[in-house]
Amino acid sequence: MAPNAPTPNAPTAHAVLAPLLSPAEADAVVDVWLGFPSYGLYSNESAPARFAPELAQRYDATVNFIRTGGRFGRAAEAKSMLAARTNYFRETYAYGEEITAPGIEPFFANDRLMQAARDLHGRPVVVPAIVYANILLPGQELAVHTDVPEFRGANRKVVPQWLLVVAHHSGLFDAWRMPIATIISYFGGGRGGELAYYPEGPAGPPQTYAPTHNSAMVLDTDSVFHGVDRVLGDDSAITLLRPGMRLHYEGGDRWAVRDPARPDHVVAQFGSDEVRYSLSWKAYCFADDAERLAWDSHSDDLTLGAILDGLVADLCDKGVLSSVDHGLSDAELGKLLIETYVKFPAPAPAPA
Ligand SMILES: [Fe+2]
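When you number the sequence shown by the working numbering, it's gap-free, plus one each residue, and the end is 353.
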C-alpha cells in the first residue's frame, strides 16, 4: 500500500519539467489557447453552498489576502484594488469525459504528465480529472492558498470549498482523501507572475519558480501553500473589469477585454507578452485498482454531516469548544474552523 499523501504541514515533493512537451506538442497547446472563443472571469463561477452560504467559497484565502495584503504584506492597498488583483480569467478545457476545448485531448492524456503524477505521490493508478486555463493580466496575482481537495463522496458539488480545505488541513479525514497531483504548465510569455510555494510547509521559507514557455511545476497543490506573484506591467486596466467581461484573442499578438453589453467597445488591450497564461492539469492518484473501485462505486463515501461532526468533536477535544451544543451559527462555526485549522504562511517583507 502506498503511503497517504502528506498533510499540509509536512515537507512535500515537487518537480520542474522543462521542457514539458515536444515543440510540436507545445505548438498544439498554444493553438488551443488562441483558438478558444473567449475567457471569462473566474469570479463569475459560483455554486450554491449547502452549509453557511454567507461565506464565499474561498473565504479562507480571500480573508487572509485582504488581511495581510498578500505574500508581501501590502495590506495598505485599497481593498478594491486588492480584489481587482485576484479577479483573473479562467476557463475549463476538459473535465472528466467532457472536452470543451477540442484539441486538448493529447495534453489531457499526455504520458509525461501521467508519469509525473505517479511519481509525485508514489501511486501508480492515475486518472486525469481536469484541465483549466488561467490568464492573469498585468497587475494581477493569486492569493496564497491551498487548492480545493477532494474526498470520496465529498467534493465541491456537495461541500463548500473552504470546508474541504479545512477538512484536509485538519488531517482527520485522510482515509477518504483522494490524493491529487497538479501540474501547472506555462505557455507563451508574460513578465513576473512567478509561482511562489512553500514546500516545507507554511512555517518554512517560500520558493519561487519563474515560468518559461513549455515548462511545468508538479506539486501537491492541495497540501502545499502557493500563490502567483504579481504579473508585471501597466496595472491600470484591472480596475475596469466587471462581471461578465471576457478576454478575447484578436489575432497577431493582440488580446482585448470586451463587455458583451457594449460589443463595439474595447475595455482594454494587451499584447501576448503581457498576459500570463498557465494550464492547471489535475489527476486523481490511486494506490491500486481497489482504491479506484471504492471511488467509482461510492462504497465508502464521506458526507458533509460526517465532516462537520468530526471537526466539532475535534474542536471539543482541543478545548476550542466546550460542547458539541456550541450555539454558534453556521457562519460563525465556519470562521472558527478556518481560524483553527488553516494556518497560512506569514507575509514576507515587500520587495524594494
Ligand atoms: Fe492553486
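The beta carbon of each residue, even a glycine, is placed where N, CA and C say it ideally should be.
Residue range of the unbroken beta strand (DSSP E) whose run includes residue i
i	result
residue 129	126–137
residue 116	No beta strand (DSSP E) holds residue 116; the alpha helix (DSSP H) holding it covers 112–122.
residue 98	Here residue 98 belongs to no beta strand (DSSP E), and DSSP marks it neither H nor E.
residue 64	Per DSSP, residue 64 belongs to no beta strand (DSSP E); it is in the alpha helix (DSSP H), 60–69.
residue 228	227–229
residue 271	263–272
residue 250	247–250
Distance cut-off 8 Å: residue i Cβ against heavy atoms of ligand 1
i	result
residue 183	yes
residue 148	yes
residue 358	Only positions 2 to 353 of the chain appear in the structure, and residue 358 is not among them; the question remains open.
residue 143	yes
residue 227	yes
residue 222	yes
CA-to-CA distance, residue j to residue i, given in whole angstroms
i	j	result
residue 87	residue 110	30 Å
residue 179	residue 129	12 Å
residue 338	residue 137	31 Å
residue 276	residue 232	8 Å
residue 83	residue 77	10 Å
residue 160	residue 267	38 Å
residue 127	residue 287	6 Å
residue 80	residue 122	38 Å
residue 211	residue 96	28 Å
residue 187	residue 152	28 Å
residue 3	residue 292	Annotation note: pLDDT 38 at residue 3 (below 50); position unreliable, coordinate value reported separately. Between residue 3 and residue 292, the C-alpha separation is close to 11 Å.
residue 69	residue 229	15 Å
residue 205	residue 345	11 Å
residue 71	residue 42	20 Å
residue 93	residue 184	15 Å
residue 236	residue 303	44 Å
residue 308	residue 265	50 Å
residue 75	residue 349	10 Å
residue 50	residue 222	23 Å
residue 63	residue 143	10 Å
residue 196	residue 113	21 Å
residue 259	residue 177	43 Å
residue 14	residue 200	7 Å
residue 149	residue 283	11 Å
Residue range of the alpha helix (DSSP H) that includes residue i
i	result
residue 276	Unbroken run through residue 276: none, as it is neither H nor E.
residue 359	This structure cannot settle anything about residue 359, because the visible part of the chain is limited to 2 through 353.
residue 86	80–86
residue 109	106–109
Residue from the options whose Cα sits closest to the Cα of residue i
i	options	result
residue 120	218, 278, 312	218
residue 189	24, 259, 64	24
residue 100	131, 113, 70	131
residue 242	19, 44, 28, 22	44
residue 162	60, 177, 260, 31	60
residue 172	347, 343, 349	343
residue 57	117, 164, 213	164
residue 118	85, 181, 148, 20	181
residue 146	315, 246, 227, 33	227
* Contiguous beta strand (DSSP E) assignments of at least 3 residues, all confined to the segment 128–212 -> 143–146, 181–188, 196–198, 208–210
* Asked: Whole alpha helix (DSSP H) runs in the segment 11–40 with 4 or more residues, listed along the chain?
  -> 24–36
* Which runs of the beta strand (DSSP E) spanning at least 3 residues fall entirely within the segment 282–348, listed in chain order? -> none
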